[in-house]
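Undergrad:
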Ligand code: A3P
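In structure tokens:
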């Protein structure tokens, strides 16, 4: 299925619904049966994140690693959301993540999901697929999600910042609580060896190092030249300019409100949180995030 960007005008902002205990919108639940019955292949790679943790960045890195040399035309002609379909997204007649994924002729197929770990279709586990999870510190993740919800007409209305701040802590955002999401996937890593858990902050700090780790997980050995080229292409300023990576071809997003490639920084939360909010947040965070092995950096 190919996507006509001009037709991507949303009817209205959706309501948040409680779906198996997780806040969702109908865009991600209407195709539930088909998504749950999706037939993964052993070489499929699932890229999983809480929204705004760096999905597009890692998707683009993986796409370049696998197809940058063999299919260079892909880089200039197919937007990232078609190269790496969003499995659970269902907005017919324009978007069906499962149709897009099934239509992929590449091997491996790169597939994106924002599902909390318990919602991942069982065939991915049965096929022992590789999975890459990207996590981002809660404060920056919240800020990024806030601006995304402001500009994206298919997200519920975010309200003002202080409202949003509370909703994030209450887990009342699409795909549920950040806390459960990052912790659920982290816990899965203890029992499922084909899961590579990475952090947005590490990618910002040293993209090359993180690409090396990814390659070793994926069993890839690109040349030094190729790695250098990829590291350059996926720098924020380059991706921001790249219409095949920056979502400028999607009509539902109003870049006048906020661009998709917004800042790409660690620590932007300091421009949004008041001192009181930061303290309130930290106190609540300590109660919710009990596992000492899962640590995030809010600055680098
Ligand atoms: P900000 O809103 O903080 O700028 P996702 O792809 O999961 O929706 O995440 C989007 C976030 O990742 C945005 O964060 C975006 O700017 C950031 N991002 C995307 N590509 C990036 C890159 N190459 N370098 C740094 N940040 C990047």
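In the working numbering, the protein residues as written are 1253 to 1552.
Idealized CB from N, CA, C, for every residue including glycine.
1) For residue 1283 versus residue 1342, is the C-beta distance shorter than 9 Å?
2) Can you determine whether any heavy atom of ligand 1 sits closer than 8 Å to the C-beta of residue 1294, and answer yes or no?
3) Between 1378, 1420, 1479, 1406, which has its C-alpha nearest residue 1446's C-alpha?
4) Taking all protein chains shown into account, decide if residue 1365 is buried (16 or more other Cβ within 10 angstroms of its Cβ) or exposed.
5) Between residue 1486 and residue 1349, what straight-line distance do the alpha-carbon atoms span, to the nearest angstrom?
6) Pairing CB atoms from the region 1272-1283 with CB atoms from the region 1458-1468, are three or more of them under 8 Å?
7) Just mark residue 1542 as buried or exposed, buried being the case when its beta carbon has 16 or more other beta carbons within 10 Å.
8) At a threshold of 8 Å, does residue 1436 count as lining ligand 1 (C-beta to nearest heavy atom)?
9) Starting from the C-beta of residue 1305, find all residues in its chain whose C-beta is less than 7 Å away, skip the five residues before and the five after it, and write them out in chain order.
10) Report buried or exposed for residue 1509, applying the criterion of at least 16 other Cβ atoms within 10 angstroms of its Cβ.
11) Output yes or no for whether 9 Å exceeds the beta carbon distance between residue 1525 and residue 1419.
12) Please report whether the beta-carbon of residue 1504 lies at a distance below 9 Å from any beta-carbon of chain B.
13) Taking all protein chains shown into account, decide if residue 1241 is buried (16 or more other Cβ within 10 angstroms of its Cβ) or exposed.
14) Could you say if the region 1322-1338 and the region 1468-1483 meet the contact criterion of at least three C-beta pairs nearer than 8 Å?
TA: Quick answer:
1) Cβ atoms of residue 1283 and residue 1342: closer than 9 Å.
2) Checking every heavy atom of ligand 1 against the Cβ of residue 1294, none is found closer than 8 Å.
3) Comparing alpha-carbon positions, the option among 1378, 1420, 1479, 1406 lying closest to residue 1446 turns out to be 1378.
4) Residue 1365 comes out buried.
5) Each residue's alpha carbon lies about 24 Å from the other.
6) Because the criterion of three Cβ pairs below 8 Å is not met, the region 1272-1283 and the region 1458-1468 do not touch.
7) It is exposed - the Cβ of residue 1542 has fewer than 16 other Cβ atoms within 10 Å.
8) Result no, Cβ not under 8 Å from ligand 1.
9) Taking residue 1305 as the centre and dropping the five residues before and after it, the same chain places the C-beta of 1386, 1387, 1388, 1393, 1452 closer than 7 Å to its C-beta, in chain order.
10) Label assigned to residue 1509: exposed.
11) No, these two residues do not count as a Cβ contact at 9 Å.
12) The structure shown contains no chain B, having only a single protein chain.
13) Residue coverage of the chain in this structure runs from 1253 to 1552, which leaves residue 1241 outside it and unanswerable.
14) The answer is no - the region 1468-1483 does not touch the region 1322-1338, with fewer than three Cβ pairs under 8 Å.
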